[in-house]
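**Q** For the sequence shown, full-length UniProt numbering begins at 1 and goes up steadily by one.
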Amino acid sequence: SLPNRTLFLDRLRQALLSARRFQRGVTVLFVDLDRFKDINDHFGHDVGDLMIQEMGQRLSRIIRDSDTAARLGGDEFAIIQTDVQNIEDTIVLAQRIIDELCQPFDCRGIRLHSTASVGITLFPEDGENPEQLVKNADMA
Numbered sequence: 001s002l003p004n005r006t007l008f009l010d011r012l013r014q015a016l017l018s019a020r021r022f023q024r025g026v027t028v029l030f031v032d033l034d035r036f037k038d039i040n041d042h043f044g045h046d047v048g049d050l051m052i053q054e055m056g057q058r059l060s061r062i063i064r065d066s067d068t069a070a071r072l073g074g075d076e077f078a079i080i081q082t083d084v085q086n087i088e089d090t091i092v093l094a095q096r097i098i099d100e101l102c103q104p105f106d107c108r109g110i111r112l113h114s115t116a117s118v119g120i121t122l123f124p125e126d127g128e129n130p131e132q133l134v135k136n137a138d139m140a
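1. Could you give the distance in angstroms between the alpha-carbon of Ile63 and the alpha-carbon of Asn129?
2. If we count the other Cβ atoms within 10 Å of its Cβ and call it buried at 16 or more, is Leu122 buried or exposed?
3. Ordered along the chain, which non-local residues of its own chain (more than five positions away) have a Cβ less than 6 Å from that of Leu33?
4. Starting from Arg71, follow its DSSP beta bridges and name the residues at the other end.
5. Between which two residues does the beta strand (DSSP E) holding Asp65 run?
6. Tell me the residue span of the beta strand (DSSP E) that contains Leu33.
7. So what does Ser117 bridge to, in DSSP terms?
8. Should Cys102 be labelled buried (16 or more other beta-carbon atoms within 10 Å of its own) or exposed?
9. Keeping to the same chain, check which residues put their C-beta closer than 7 Å to that of Arg13; ignore five residues upstream and five downstream.
10. Name the DSSP bridge partner or partners of Leu17?
11. On the premise that Leu59 lies in contact with Cys107, defined as a C-beta separation below 8 Å, what is that separation, rounded to the nearest angstrom?
12. What does the Cβ neighbour count give for residue 142, buried or exposed, with the cut at 16 atoms within 10 Å?
13. Thinking C-alpha only, which one of Leu112, Gly127, Arg61 and Thr82 is nearest Arg96?
14. Looking at the unbroken beta strand (DSSP E) that takes in Leu112, where does it start and where does it end?
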């Protein structure tokens with residue numbers, strides 16, 4: 001299972017300390033399933049929960065071992081990408097996430113289709129602390 005918001009923010013604090021010390025880049029990606037409420041309302045929370053679990057597994061497979069994916073709540077996930085050399089690498093990751101989450105989800109024999117939105121923030125340009133980076137990534 002993925003870390004929750006509290007653990008995610010703690011790991012992001014640690015990543016930012018390391019980034020400051022070693023002058024390395026850190027990005028935060030905020031991932032949100034589009035129209036998830038409609039899926040929950042139409043198929044029920046059990047199916048929605050299975051979809052969320054599958055989403056977490058897919059995100060875990062996509063990211064590097066050195067990165068962190070977490071479920072912040074509902075259908076909101078976030079990723080910490082460390083040692084970022086340039087923003088283009090993060091944009092490539094964001095597109096991979098969108099492509100992967102556009103693939104159908106099979107939940108109890110129900111084939112569900114969704115799309116995802118990804119917002120990106122770069123430390124320190126888009127925020128100096130974890131809360132600010134996550135908030136700005138959510139709004140991006």
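For each residue, glycine too, the CB sits at the ideal point set by N, CA and C.
**A** Reading from the atomic positions:
1. Approximately 22 Å between the Cα atoms of the pair.
2. Leu122 is buried by the Cβ-count criterion.
3. Counting only Cβ-Cβ distances below 6 Å, and skipping sequence neighbours, we find Asp75, Ser114 and Ala116.
4. In the DSSP output, where bridge partners are listed per residue, Arg71 has Phe77.
5. For Asp65, there is no enclosing beta strand (DSSP E), since its DSSP letter is neither H nor E.
6. From DSSP, the beta strand (DSSP E) with Leu33 extends over Gly25 to Leu33.
7. According to DSSP, which records beta bridges pairwise, Ser117 is partnered with Asp32.
8. For Cys102, the number of other beta carbons within 10 angstroms of its own is below 16, and it is reported as exposed.
9. Pro130, listed in sequence order.
10. DSSP output for Leu17 lists no bridge partner at all.
11. Actually they do not touch by this definition, with Cβ atoms about 17 Å apart.
12. What is shown of the chain runs 1 to 140, which leaves residue 142 out entirely.
13. The shortest C-alpha separation from Arg96 is found at Arg61.
14. Bounds of the beta strand (DSSP E) holding Leu112 are Ile110 to Leu112.
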